[in-house]
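J.:
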Amino acid sequence: MNALELHPCPWAAKEDFYLDYHDNEWGIPCYDSRHLFAMLCLEGAQAGLSWRTILLRRPAYYAAFDDFDPEKMAAYDDAKCAALLENSGIIRNKLKIKAFISNAQAYLRISERQTFADYLWQMVGGNPHIHYFQNLREIPTQNSLSEAMSKQLKKDGFRFVGPTICYAFMQSMGMVNDHLTTCYCHPMYQSLENIVP
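The end of the sequence shown is residue 200 by the numbering used here, with every number in the run present.
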């Protein structure tokens with residue numbers, strides 16, 4: 004049997020840091036509540052910008068927002084917000100910074116009754132949705148799952164969580180797997196030994 008010739012998704016091949024993100028994070032199911040919270044915030048920070056812009060600033064975001072500790076973030080006051088608006092390592096947008104704080108407060112309310120991971124994963128039925136797209140044009144920017152997630156998140160007090168942001172979040176956290184069928188990261192190839200990346 005000939006070895007399969009597979010390649011990364013086209014968007015990931017442009018830069019090394021993107022390829023690393025593609026190979027080691029994007030589409031891999033995440034069940035860690037704190038990481039899910041951080042990534043939901045960062046996806047919201049992307050609104051109106053490119054994911055590249057946020058991904059390059061991710062270490063600065065972690066440093067600025069106390070490693071995305073929801074308890075610390077929920078208590079941020081006006082002085083802390085003012086300091087964040089002076090931080091050149093992050094996107095200095097007051098609405099987005101305030102949204103991070105609101106999201107931390109919402110996270111804590113959710114955590115009183117269930118883990119944040121359980122809360123999110125139940126919205127997609129508890130399991131990853133594996134897609135079989137052959138080219139980038141087939142991949143949606145939102146779907147019924149992301150619309151339902153957006154509606155629930157907003158109801159529970161989260162901000163910057165529209166359906167498109169939620170779909171990007173679902174992709175990054177492996178709730179949906181949108182690796183192309185020509186990509187070595189697609190789940191249908193994960194158990195095969197004859198892959199030539």
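Cβ atoms here follow ideal geometry from the backbone N, Cα and C, with glycine treated the same way.
If you scan the stretch 132-180 from start to end, which runs of the alpha helix (DSSP H) of 4 or more residues do you find wholly inside it?
T.: The qualifying runs are 147-158 and 166-175.
J.: Compare the beta carbon distance of Y170 and S147 with 8 Å and say whether it is the shorter of the two.
T.: No, the pair does not count as a contact, with Cβ atoms beyond the cut-off.
J.: Using a threshold of 8 Å, state whether the C-beta atoms of A63 and I93 are closer than that.
T.: Yes. Within cutoff.
J.: DSSP on E8, reduced to helix/strand/coil?
T.: In the structure shown, E8 sits in a strand (DSSP, three-state: E or B).
J.: Going by the beta-carbon positions, is the gap between C44 and L183 smaller than 8 Å?
T.: No, they are not a contact pair.
J.: DSSP three-state call for K101: helix, strand or coil?
T.: Correct three-state label for K101: helix.
J.: Taking the CB atoms as reference points, tell me whether G204 and Q108 lie closer together than 8 Å.
T.: A query on residue 204 cannot be resolved here, the shown segment of the chain reaching from 4 to 200 and no further.
J.: Where does A16 sit, in a helix, a strand or coil, going by DSSP?
T.: The answer is coil: DSSP assigns A16 none of H, G, I, E or B.
J.: For F119 and L39, I'd like the C-alpha separation in whole angstroms.
T.: Approximately 8 Å between the Cα atoms of the pair.
J.: Is A15 buried or exposed, if buried means 16 or more other CB atoms sit within 10 Å of its CB?
T.: Its Cβ being crowded by 16 or more others within 10 Å, A15 is buried.
J.: On a Cα-Cα basis, can you pick out the residue from P143, E28, I100 and P166 that is closest to L58?
T.: Out of P143, E28, I100 and P166, E28 has the C-alpha closest to the C-alpha of L58.
J.: If I measure Cβ to Cβ from F103 and keep anything under 7 Å in the same chain, skipping five residues before and after, which residues do I get?
T.: The residues are C44, F68 and M76.
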